[in-house]
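Let me begin by presenting the structure, written as structure tokens, before commenting on it.
There are 2 protein chains.
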Amino acid sequence: MTQNIYDDPHFFAGYATLDRSVNGLDGAPEWPALQKMLPPLEDKTVVDLGCGYGWFCRWAREQGAARITGLDVSLKMLDKARSMTEDPAIDYQRCDLATLQLPAQSIDLAYSSLALHYLEDIDTLFGTLYKALKPGGMLVFSAEHPIYTAPLQQGWRVDDAGAKSWPVSHYQQEGVRISNWFAEGVKKQHRKLATWINALTGAGFEIIHLDEWGPNAAQIAASPALDEEKERPMIFLLSARRPAQR
Amino acid sequence: MTQNIYDDPHFFAGYATLDRSVNGLDGAPEWPALQKMLPPLEDKTVVDLGCGYGWFCRWAREQGAARITGLDVSLKMLDKARSMTEDPAIDYQRCDLATLQLPAQSIDLAYSSLALHYLEDIDTLFGTLYKALKPGGMLVFSAEHPIYTAPLQQGWRVDDAGAKSWPVSHYQQEGVRISNWFAEGVKKQHRKLATWINALTGAGFEIIHLDEWGPNAAQIAASPALDEEKERPMIFLLSARRPAQR
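Going line by line, the protein sequences match chains A and B.
Per our numbering, the first sequence starts with residue 967, numbered consecutively.
Per our numbering, the second sequence starts with residue 967, numbered consecutively.
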């Protein structure tokens, strides 16, 4: 089973302080780029893998999605998400994505924000999602970038002049990375971008767009702390499609 | 016009000492991986973009390719390549890839080894190659990896314990990087993996396979100097296809 760190009280409390927790999608600087990669949602069936507080589920409903399922392994997250809507078109379910099952050709969009890097086995998930998507349906997700996850000890190097760089090592050594992020021993998986992409094409997906996200000048002006994100991508955004004709 | 550093006498002399110059394809540790990404070549029409000494052109001929065109901007490289074959099925032509023109739907495989990172404009080239490929035809190439090219000053960091890492910075700042590699002021272009991939999908290509190449244990045992290549990818290999049905 995938580690359920979000139900750790310290982690949950720390996570609640994040701008993306307090302010939702608009608190996530990558959201404008991710939003542009989404298909029209009017009357669509959507699944959100690792829905957290449910910000995306509620937003998808505002865009006219007909049925939205938010999945998360964390009971605390699901409680919080359920407390924020009474819309019967939104359904929250507890699910370990490692054992996800979905009806064949039942969904138009599978979405996931910063959740899939917790999964040890991405091939099985992508196979499940491919079968669950209708032909022409899309998978749009973000995850931590392998440049960020590669080092066994992740952190900036600052030189004598104050310039920041991100020392990359162990890039070819895929697998678990342990970090201390609101809690001790948070387990994430390092996998190469090539592994993400080949897992998608291997499952039958067509790669549509990749964004190794970084802030633009206006975002840095508004949030100077984002400046260092120019130096190396912390996350990537990827959209893929189940081809209509296969 | 793209910089023609290969005709610099010092560069040409230095390049001639590389294992991949002396021993050809078998001197390039990524060749076994790149070879696996190639389609069958029997009776096919092949273009090699940046053919150098022509090792790949001659190999393609051995695989039964019917017509092979080797393109290079360097007269010294073309002279060397021409001196190594008299096969009328292999034609070497001087070409700046920045102004490449090819007949529509005339080729089965466009191949390039470690040449495209010299080009300032990759969109135009990929558009040209898409039109020149027959439906179902493939583009298979290698280029320097953006993790390697990102820093303005490229080099290893070695910590007190002797561990190597590659400090990444300026990843989002695409454009020229100047390095001293057998000659002063060698100009290469840094572009994100996302930019390579989106340029391909934007031109109509389907992404087939990506390899952020690193050495395997047997290669490191045979060539201990390759050990550091585990830490960060220096090059990537990519295969893409012009879909048969479009």
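In this text, a Cβ means the ideal position worked out from N, Cα and C, and glycines have one as well.
Predicted, not measured: the structure shown is a model, and the values here were computed from it.
Quiz item: Between the segment 1180-1193 of chain A and the segment 1161-1168 of chain A, are three or more C-beta pairs nearer than 8 angstroms?
Solution: Counting C-beta pairs closer than 8 angstroms gives fewer than three between the segment 1180-1193 of chain A and the segment 1161-1168 of chain A, which falls short of the contact rule.
Quiz item: Does A:S1135 come within less than 8 angstroms of chain B when only Cβ atoms are used?
Solution: A:S1135 counts as touching chain B.
Practice problem: Under 6 angstroms Cβ to Cβ from A:A1076, same chain only, skipping five residues before and after it: list those, please. | Solution: Counting only Cβ-Cβ distances below 6 angstroms, and skipping sequence neighbours, we find V1013, L1095, L1105.
Self-check item: CB contact check: B:S1131 to chain A, cutoff 8 angstroms
Solution: Chain A contact via Cβ: present.
Quiz item: Shorter than 8 angstroms from the beta carbon of B:T1167 to some beta carbon of chain A?
Solution: True, the Cβ-Cβ gap to chain A drops below 8 angstroms.
Quiz item: Applying a beta-carbon distance threshold of less than 8 angstroms, which residues of chain B neighbour A:I1113?
Solution: By Cβ distance, chain B contributes I1113, V1134, Y1137.
Quiz item: Mind checking A:R1198: buried by the 16 CB within 10 Å criterion, or exposed?
Solution: Per the 10 Å Cβ criterion, buried.
Quiz prompt | Cβ-based contacts, 8 angstroms cut-off: residues of the segment 1153-1180 of chain B near chain A | solution = When CB distances to chain A are screened at a threshold of 8 angstroms, the residues of the segment 1153-1180 of chain B falling below it are K1158, L1159, A1160, I1163, N1164, T1167, E1172, I1173, I1174, H1175, L1176, D1177, E1178, G1180, in chain order.
Practice problem: Say whether chain B places a C-beta atom closer than 8 angstroms to the C-beta of A:E1197. | Solution: So yes, A:E1197 belongs to the interface.
Practice problem: Let me know the alpha helix (DSSP H) ranges lying completely inside the segment 1078-1119 of chain B, each 4 residues or longer, listed in chain order. | Solution: Counting only unbroken stretches of 4 or more residues, the alpha helix (DSSP H) elements lying wholly within the segment 1078-1119 of chain B are 1088-1098, 1112-1115, in sequence order.
Quiz item: Does the segment 1130-1144 of chain B come close enough to the segment 1101-1118 of chain B that 3 or more CB-CB pairs lie under 8 angstroms?
Solution: They touch, by the three-pair rule.
Quiz item: So does the segment 967-986 of chain A actually touch the segment 1073-1093 of chain A, counting three or more Cβ pairs closer than 8 angstroms?
Solution: Result yes; three or more Cβ-Cβ pairs closer than 8 angstroms.
Quiz item: Between which two residues does the alpha helix (DSSP H) carrying A:I1186 extend?
Solution: That run of the alpha helix (DSSP H) goes 1183-1188.
Exercise. Check the Cβ-Cβ distances between B:P1006 and every residue of chain A, and say whether any is below 8 angstroms.
Key: No, its Cβ sits nowhere closer than 8 angstroms to a Cβ of chain A.
Quiz item: When the distance is taken between beta carbons, is B:L1159 closer than 8 angstroms to B:K1112?
Solution: Just to set this straight, residue 1112 of chain B is Pro in the shown sequence, not Lys. Contact flag set, yes.
Practice problem: Give a yes or no on whether the minimum CB-CB distance between A:R1123 and chain B is below 8 angstroms. | Solution: Chain B, which has a Cβ nearer than 8 angstroms to the Cβ of A:R1123, makes this yes.
Quiz prompt | Option in A:A1026, A:K1002, A:D1089 with minimal Cα separation from A:T1161 | solution = Nearest C-alpha to A:T1161 among A:A1026, A:K1002, A:D1089: A:D1089.
Self-check item: Burial state of A:H1156 (16 or more Cβ within 10 Å)
Solution: Flag for A:H1156 reads buried.
Quiz item: If you measure from the beta carbon of B:P1054 to each beta carbon in chain A, is any gap under 8 angstroms?
Solution: For B:P1054, no CB of chain A lies under 8 angstroms from its own CB, so it is not counted at the interface with that chain.
Quiz prompt | Neighbouring residues, chain B, relative to A:P1117 (Cβ below 9 angstroms) | solution = Those are S1131, listed as they occur along chain B.
Quiz item: A:A994: which of A:M1043, A:F1022, A:L1004, A:K1010 sits nearest, CA to CA?
Solution: Out of A:M1043, A:F1022, A:L1004, A:K1010, A:F1022 has the C-alpha closest to the C-alpha of A:A994.
Quiz item: When the Cα atoms are used, what is the spatial distance from A:D1009 to A:L1099?
Solution: When rounded, the distance between both Cα atoms is 15 angstroms.
Self-check item: Completely contained alpha helix (DSSP H) runs for the segment 1003-1062 of chain B, where each covers 4 or more residues
Solution: You should have 1021-1028, 1041-1048.
Exercise. Using the Cα positions of A:L1000 and A:A1031, report the straight-line distance between them to the nearest angstrom.
Key: Straight-line measurement puts the Cα of A:A1031 at about 17 angstroms from the Cα of A:L1000.
Self-check item: Nonlocal neighbours in the same chain, by C-beta distance under 7 angstroms from B:P1005, ignoring five residues either side
Solution: Taken in chain order, the residues that qualify are L1075, M1104.
Quiz item: Below 8 angstroms between beta carbons: does that hold for B:W1173 and A:I1173?
Solution: First, the residue type needs correcting, since residue 1173 of chain B is Ile and not Trp in the sequence shown. Contact: yes.
Practice problem: From the DSSP output, in three-state form, read off B:P1133 for me. | Solution: Secondary structure of B:P1133 (DSSP, three-state): strand.
Practice problem: Drop a sphere of 10 angstroms on the beta-carbon of B:I1144, count the other beta-carbons inside from all chains shown, and report buried for 16 or more, exposed for fewer. | Solution: In the assembly as shown, B:I1144 is an exposed residue. Its beta-carbon has fewer than 16 other beta-carbons within 10 Å.
Quiz item: Nearest-angstrom Cα distance between A:E1140 and B:G1128?
Solution: Just so you know, the alpha carbons of A:E1140 and B:G1128 end up roughly 22 angstroms apart.
Quiz item: Using DSSP with H/G/I as helix, E/B as strand and the rest coil, what is A:G1128?
Solution: Of the three classes helix, strand and coil, the one that applies to A:G1128 here is coil, per DSSP.
Self-check item: Neighbour-count burial assignment, A:W1025, 16 or more Cβ in a 10 Å radius
Solution: With 16 or more Cβ atoms within 10 Å of its Cβ, A:W1025 is classed as buried.
Exercise. Compare the beta carbon distance of B:S1108 and B:L1066 with 8 angstroms and say whether it is the shorter of the two.
Key: B:L1066 sits away from B:S1108, with the two beta carbons spaced by 8 angstroms or more.
Self-check item: Test item: CB-CB of A:G980 and A:F1148 under 8 angstroms
Solution: Less than 8 angstroms separates the beta-carbon of A:G980 from that of A:F1148.
Quiz item: At which residues does the alpha helix (DSSP H) containing B:F978 begin and terminate?
Solution: Its alpha helix (DSSP H) spans residues 975-981.
Quiz item: Relative to the C-alpha of B:Q1185, which residue among B:D1038, B:E1110, B:P998 is closest?
Solution: If we check each option's Cα against that of B:Q1185, B:P998 comes out closest.
Quiz item: B:Q1120 to B:N1146, Cα distance in whole Å?
Solution: Computed Cα separation, rounded: 10 angstroms.
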